[in-house]
Amino acid sequence: MAEACLWSGGRVFTGRRYAEAILLEDGRVAFVGDRRAARRAASTGVERRDLAGRLIVPGLVDAHLHLADLTRVREGFDLLPVRSLAGLKDALRAWASEHANGAIVGRGWDPERWPDRRWPTVRDIDPIVPDRPVVLHHASGHAALLNSTALAASGALADGAVAHPAEVGRFPDGSPNGLLFEDALRRAAASDRAAVGTEALERTVRSLAAHGLTAIGAMSASPEEVRALRALDASDRLPLTVRAFVRLGELPEFSRDELRGRGERFAVVGAKAYLDGAFGTRTASLRAPYADDPTISGMRVGDDRDLGARLADVRARGLVPALHAIGDEAVARACRLLAADAPDRRDPGRIEHASLTPPDLIDRLGEAGPTLVVQPGFLWSDGWLPDRLGPERCRWAYAFRSLIDRGLRVAGSSDAPYDPVDPWRGIAAAVSRRDADGRSANPDAREALSAEEALGLYTDRAASSLGLAGSGRLEPGDPADLVVLATVDLSDAVRSARSRVRETWVAGRRVYGGTAARGE
1251 MAEACLWSGG RVFTGRRYAE AILLEDGRVA FVGDRRAARR AASTGVERRD LAGRLIVPGL
1311 VDAHLHLADL TRVREGFDLL PVRSLAGLKD ALRAWASEHA NGAIVGRGWD PERWPDRRWP
1371 TVRDIDPIVP DRPVVLHHAS GHAALLNSTA LAASGALADG AVAHPAEVGR FPDGSPNGLL
1431 FEDALRRAAA SDRAAVGTEA LERTVRSLAA HGLTAIGAMS ASPEEVRALR ALDASDRLPL
1491 TVRAFVRLGE LPEFSRDELR GRGERFAVVG AKAYLDGAFG TRTASLRAPY ADDPTISGMR
1551 VGDDRDLGAR LADVRARGLV PALHAIGDEA VARACRLLAA DAPDRRDPGR IEHASLTPPD
1611 LIDRLGEAGP TLVVQPGFLW SDGWLPDRLG PERCRWAYAF RSLIDRGLRV AGSSDAPYDP
1671 VDPWRGIAAA VSRRDADGRS ANPDAREALS AEEALGLYTD RAASSLGLAG SGRLEPGDPA
1731 DLVVLATVDL SDAVRSARSR VRETWVAGRR VYGGTAARGE
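Residue 1765 in my numbering sits at position 515 of the sequence shown, and the numbers go up by one each step.
Laid out in structure tokens, this is it:
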């Protein structure tokens, strides 16, 4: 059962104010304020805990990550450490030697981190593994390199198999180079989605508590993932709150009861659709061509008429629509679709990423009012973005201050595994803009947030984006979801990142640190 305890001897940040003490009872905050008043409010025999100069903050919330893919990276072939084409080949050779049978699926390679920035092709990997399928996903998740065996099995080369010619990469002579993008990739990769088991998902969810996370939004959740999470919840093995957004195209696979049923910690709350790709693959849809390749301006994904009908179905099922839109053209398109879908609704839906938002779009977003689920960590990961977009246009990438000052609902997230899952990294990026080496996708200091504002992206703002009323704050009556940090100063915690997390509590139960047990 939830513990009743009184914390004092340090500081408490409720998300709105600082206080001396906090009292937890029955999984909720009973009192927060002056230490002496807290002691008077506590019942006889309540457990007293000494903060010893430490700080309590609300539990962190990641509004957008990919739980199954994060599990595959944690427990599978992780290519994120690879720093060159030669390193990619060596990693593939070693994995193939250690795993002699079956298909090979890896994730995380990124040529932007390589010295020559050259993309690999089928000719690089066919000689290493010629006789079984190889699928190596790009770090963005919007492209993958397949060997000839996997490419033939994908069906992407069949006549009429792709809606857009750019979905299949080609050599100058017109032959396929092994690269698949966007919808062609999503269809080809569908067969490896069911590989994540319930126990593996549980291990991943439990690992997130070490970062101070108490709730997450699981995006693009497959039917198998939803059923596994529901089973974990039913058996009291889900330590964090999980809200899932299923794939729009897979809605017919669920009954209405499956979508609406809520457990103690798990529920399906929305459905996600793609409108474009990513900056890293030059498939994010832009109004004007890319600065480093004037022949292209990205890729539009989906048909607006079809999407409109599907969004109406999402609403009819009691779910929230979430539209992936990174480039400015895609963000404008998302505004139009959501406005047409819900002109008079209180919840206009979500736009995932909203990475490029020039002033006219910020005004349009302010009128439309969707929640923007952003990834501050991309500021550090996308240090190459000024070359890709040009410095003038890049000024409006990840423009968090401008979005918040316009009154927009902005929620923080990681997009893990396509960026590191650590929320403290994202909080630090929102504050400092530049990484330790001075790199940034948009270093403009006018877009920086304070430590408290950046934390708010990952607390009440992120919780609101998942429909978690009261979460992300520590005021009386709110859920007792909190993090104990080994410092009394929030700015120090931001600079020190995850190393300052000492304990994580969900609904009054400790799920990380101390002597937490599954059923306590």
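Cβ atoms here follow ideal geometry from the backbone N, Cα and C, with glycine treated the same way.
I'd like the list of long-range same chain contacts for residue i, defined as Cβ closer than 8 Å, with 5 residues on each side in sequence excluded.
i	result
residue 1444	In this prediction, residue 1444 has a pLDDT of 43, which is less than 50 and means its spatial position is unreliable; nothing more can be read from the coordinates.
residue 1400	1353, 1383, 1384, 1385 and 1438
residue 1368	1335 and 1361
residue 1404	1396, 1430, 1434, 1437 and 1438
residue 1451	1317, 1318, 1321, 1475, 1478, 1479 and 1482
residue 1291	1273, 1280 and 1281
residue 1690	1629, 1630, 1633, 1683 and 1684
Of the residues the options, which one's Cα is nearest the Cα of residue i?
i	options	result
residue 1313	1693, 1737, 1710 and 1758	1710
residue 1453	1482, 1476, 1469 and 1465	1482
residue 1623	1714, 1268 and 1333	1714
residue 1354	1327, 1522 and 1674	1327
residue 1289	1258, 1599 and 1265	1258
residue 1609	1333, 1586 and 1649	1649
residue 1513	1318, 1484 and 1461	1484
residue 1255	1739, 1743, 1732 and 1752	1732
residue 1599	1606, 1575, 1607 and 1613	1575
residue 1525	1601, 1466 and 1490	1601
residue 1542	1636, 1414 and 1345	1636
residue 1698	1434, 1684 and 1689	1684
residue 1659	1424, 1619 and 1734	1619
residue 1587	1447, 1340, 1553 and 1754	1553
residue 1301	1753, 1758 and 1759	1753
residue 1200	1511, 1522 and 1515	Past the edges of the chain, shown from 1251 to 1770, lies residue 1200, and the structure says nothing about it.
residue 1496	1463, 1571 and 1457	1571
residue 1515	1555, 1625 and 1455	1455
residue 1621	1606, 1657 and 1345	1657
residue 1617	1414, 1597 and 1273	1597
residue 1666	1414, 1426 and 1391	1391
residue 1606	1458, 1692, 1736 and 1294	1692
residue 1432	1287, 1348, 1532 and 1294	1532
Less than 8 Å between the C-beta atoms of residue i and residue j, yes or no?
i	j	result
residue 1530	residue 1360	yes
residue 1306	residue 1342	no
residue 1393	residue 1430	yes
residue 1310	residue 1708	yes
residue 1488	residue 1498	no
residue 1661	residue 1712	yes
residue 1308	residue 1265	yes
residue 1716	residue 1493	yes
residue 1461	residue 1738	no
residue 1518	residue 1476	yes
residue 1260	residue 1304	yes
residue 1631	residue 1669	yes
residue 1573	residue 1566	no
residue 1734	residue 1674	no
residue 1490	residue 1464	yes
residue 1551	residue 1527	yes
residue 1651	residue 1614	no
Is residue i close to chain C? Criterion is C-beta to C-beta, closer than 8 Å.
i	result
residue 1724	Of the chains in the structure shown, none is chain C; there is only one protein chain.
Using C-beta distances below 6 Å, list every residue in its chain close to residue i, excluding the 5 sequence neighbours before and after it, in chain order.
i	result
residue 1387	1357 and 1394
residue 1269	1262, 1282 and 1283
residue 1468	1317, 1492 and 1494
residue 1285	1258, 1270 and 1271
residue 1741	1701
Pull up the CB-CB distance for residue i and residue j, whole angstroms please, since I reckon it's below 8 Å.
i	j	result
residue 1338	residue 1365	Not quite, the Cβ-Cβ distance comes to about 13 Å (not below 8 Å), so this is no contact.
residue 1320	residue 1756	Residue 1320 to residue 1756, Cβ: 19 Å. No contact.
residue 1612	residue 1653	6 Å
residue 1466	residue 1569	No, residue 1466 and residue 1569 are not in contact; Cβ-Cβ is about 17 Å, not under 8 Å.
residue 1375	residue 1351	Rounded, the Cβ-Cβ distance is 18 Å, inconsistent with contact.
residue 1408	residue 1418	Not really, about 11 Å apart at Cβ, beyond 8 Å.
residue 1664	residue 1627	6 Å
residue 1719	residue 1758	Contact flag wrong, Cβ pair sits at about 17 Å.
residue 1372	residue 1424	Actually they do not touch by this definition, with Cβ atoms about 14 Å apart.
Excluding five sequence neighbours on each side, which residues of the same chain lie with their C-beta closer than 7 Å to the C-beta of residue i?
i	result
residue 1590	1558
residue 1333	1363 and 1364
Discussion item. Would the region 1271 to 1278 count as touching the region 1721 to 1731 if we require 3 or more Cβ pairs under 8 Å?
Written reply: The way I'd put it, the region 1271 to 1278 does touch the region 1721 to 1731; three or more beta-carbon pairs between them come closer than 8 Å.
Worksheet item: Given 8 Å as the limit, is there contact between the region 1700 to 1708 and the region 1676 to 1685, that is, 3 or more CB pairs closer than that?
Response: Because the criterion of three Cβ pairs below 8 Å is met, the region 1700 to 1708 and the region 1676 to 1685 touch.
Discussion item. Check whether the region 1645 to 1652 and the region 1543 to 1558 touch, using three or more Cβ-Cβ pairs below 8 Å as the test.
Written reply: no
Worksheet item: Per the contact definition of three or more C-beta pairs closer than 8 Å, is the region 1574 to 1581 in contact with the region 1531 to 1542?
Response: Of all C-beta pairs linking the region 1531 to 1542 to the region 1574 to 1581, three or more are shorter than 8 Å, placing the two stretches in contact.
Discussion item. Would you call the region 1496 to 1512 in contact with the region 1316 to 1326, where contact means no fewer than 3 C-beta pairs closer than 8 Å?
Written reply: Short answer: they don't touch.
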